[in-house]
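Undergrad: Under this note's numbering, the final residue of the sequence shown carries the number 1343; numbering is consecutive throughout.
A virtual CB, placed ideally from N, CA and C, is assigned to each residue, including glycine.
Starting off with a structure, shown below.
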Amino acid sequence: MLLLLAGCGVSAGHQGRTLVIDSIAAHGGLERWNGSGQLQFRWVYHMTDRGPKAVVDTVQTVSPRTMDVVHEVTGRDVRFGMYRGEAWILPADAEFTPSPRFWAQTPIYFLGIPFVFDDANARFEQLEEDLEFEGKAYRQVKVTFAQDAGDSPDDYYVLLIDPQTKLTRGAYYTVANPLVAPDGPGPPKFITLDDLQDVNGLKLAGSHRTFAMEWHDPLKRVHHCATIPVIGKEFHRGRRIDEQEEEAAYAAADC
């Protein structure tokens, strides 16, 4: 592992923010991310450490600008999502695990790295140590959030950013949301951005891998626990999330 100290006279927060801004530009830029229309993709989350049937599989349509999202559950007549910060599900009595409120924005929050960290509530800190992953050293930027930010302000992410290309290789993170972590966050996990593909001028992951980590050594990969192909990524300028339908849906559903 390589060690780098923050430059004198420049705060770690400023350095971290600058690295994230540079990474967003390297991945295609905010203007293109927010202005390309609705992003549709299929995210197949196979939790390999929980057996062959532990799969969450949905086709999603997301507005990157507002983070409103609709999921269509593969193989079931069930839809759910998030609209203006409120979760909904149809039919209203349908069951889905994980909680629709938790899961609605989870896939886009990973696929959308680093763009999703263009957030007024985000706080940045460049860590002193580089992290080596698969034979290459990456800058580390820790992202935390203001206490009034969303359902899970105690989450944190540490981005691995290539010092030459400024592309983000992945992130390790904790989940503190009480919907899935009622006893507090577990050990961090690491998610990769693999097989970057050009989608309307944006560099987005073609797949992810996740790895469990350990509290006493959060930089040590312990075991591979999920494989996540991202299928059919495309933007639709003519497609939009139907406001009346989603407004009625989340008004009728308790998620």
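Would you mind sorting T1280 into buried or exposed? The rule is 16 or more other CB atoms within 10 Å of its CB.
TA: With 16 or more Cβ atoms within 10 Å of its Cβ, T1280 is classed as buried.
Undergrad: For T1194, name the three-state secondary structure that DSSP assigns.
TA: DSSP places T1194 in helix when its eight states are reduced to three.
Undergrad: Pull up the distance between the alpha-carbon of K1321 and that of G1116, whole angstroms please.
TA: Distance between the alpha carbons of K1321 and G1116 is about 15 Å.
Undergrad: Taking the alpha-carbon of T1253 as reference, which of D1282, Y1226, Y1197 has the nearest alpha-carbon?
TA: Closest by alpha carbon: Y1226.
Undergrad: Measure the C-alpha to C-alpha separation of P1251 and V1166 and round it to an integer number of angstroms.
TA: Distance between the alpha carbons of P1251 and V1166: 43 Å.
Undergrad: Report yes if the CB atom of V1132 is closer than 8 Å to the CB atom of I1316, and no otherwise.
TA: Taking 8 Å as the Cβ cut-off, V1132 and I1316 qualify as a contacting pair.
Undergrad: Could you check the C-alpha separation between A1210 and W1191 for me, to the nearest Å?
TA: C-alpha separation (whole angstroms): 20 Å.
Undergrad: Whose C-beta lies closer than 6 Å to the C-beta of G1145 among residues of the same chain, with five residues either side of it excluded?
TA: The sequence shown places Asp at residue 1145, not Gly. So the qualifying residues of the chain are V1132, T1162.
Undergrad: Expressed to the nearest angstrom, what Euclidean distance is found between the alpha-carbon atoms of L1249 and S1187?
TA: The displayed chain sequence assigns Ile, not Leu, to residue 1249. Between I1249 and S1187, the C-alpha separation is close to 31 Å.
Undergrad: Note down the Cα distance separating A1114 from G1104, rounded to an integer number of angstroms.
TA: Approximately 15 Å, taken between the alpha carbons.
Undergrad: For G1104, name the three-state secondary structure that DSSP assigns.
TA: In this structure, G1104 counts as helix in the three-state DSSP scheme.
Undergrad: Taking only the alpha-carbon atoms, compute the straight-line gap between L1090 and R1130 and give it to the nearest angstrom.
TA: For L1090, the predicted structure reports a pLDDT of 28, less than 50, and the residue's modelled location is therefore unreliable. A value from the coordinates is still provided. Distance between the alpha carbons of L1090 and R1130 is about 37 Å.
Undergrad: Helix, strand or coil for L1199, going by three-state DSSP, please let me know.
TA: In the structure shown, L1199 sits in a helix (DSSP, three-state: H, G or I).
Undergrad: Give me, in chain order, the residues of the same chain whose beta-carbon lies closer than 6 Å to that of I1070; leave out the 5 immediate sequence neighbours on both sides.
TA: No answer is possible for residue 1070: the residues shown for the chain start at 1089 and end at 1343.
Undergrad: Per DSSP, which residues does I1279 bridge with? Please list them.
TA: I1279 pairs with A1259, T1298.
Undergrad: I need the DSSP call for D1286, collapsed to helix, strand or coil.
TA: DSSP places D1286 in strand when its eight states are reduced to three.
Undergrad: Suppose the cutoff is 6 Å on Cβ atoms and the five residues either side in sequence are ignored; what does the same chain contact list for G1095 look like?
TA: Because the pLDDT at G1095 is just 40, under 50, the model does not fix this residue reliably, and the value given afterwards should be weighed accordingly. Hits under 6 Å: none found.
Undergrad: At the level of alpha carbons, what is the spacing between T1232 and D1242?
TA: For T1232 and D1242, the distance between alpha carbons rounds to 7 Å.
Undergrad: With DSSP collapsed to three states, give me the class of R1120.
TA: Reduced to three states, the DSSP call for R1120 is helix.
Undergrad: For the pair the region 1176 to 1186 and the region 1196 to 1208, tell me if three or more CB-CB distances fall below 8 Å.
TA: Result no; under three Cβ-Cβ pairs closer than 8 Å.
Undergrad: Taking T1298 as the reference, which of Q1126, P1275, F1212, Q1285 has the closest Cα?
TA: Here the closest residue by C-alpha is P1275.
Undergrad: Going by C-alpha distance, which of I1112, V1147, F1323 is nearest E1160?
TA: With distances taken between Cα atoms, E1160 lies closest to V1147.
Undergrad: Taking the DSSP output, what are the residues bridged to F1168?
TA: According to DSSP, which records beta bridges pairwise, F1168 is partnered with H1159, I1177.
Undergrad: Which same chain residues end up closer than 6 Å to E1213 when comparing Cβ atoms and leaving out the 5 residues on each side of it in sequence?
TA: Here the set comprises A1100, G1101, G1104, K1230.
Undergrad: When we look at the beta-carbon of G1067 and count the other beta-carbons within 10 Å, is it buried (16 or more) or exposed?
TA: In the structure as shown, the chain starts at 1089 and stops at 1343, and residue 1067 therefore has no counterpart that could be examined.
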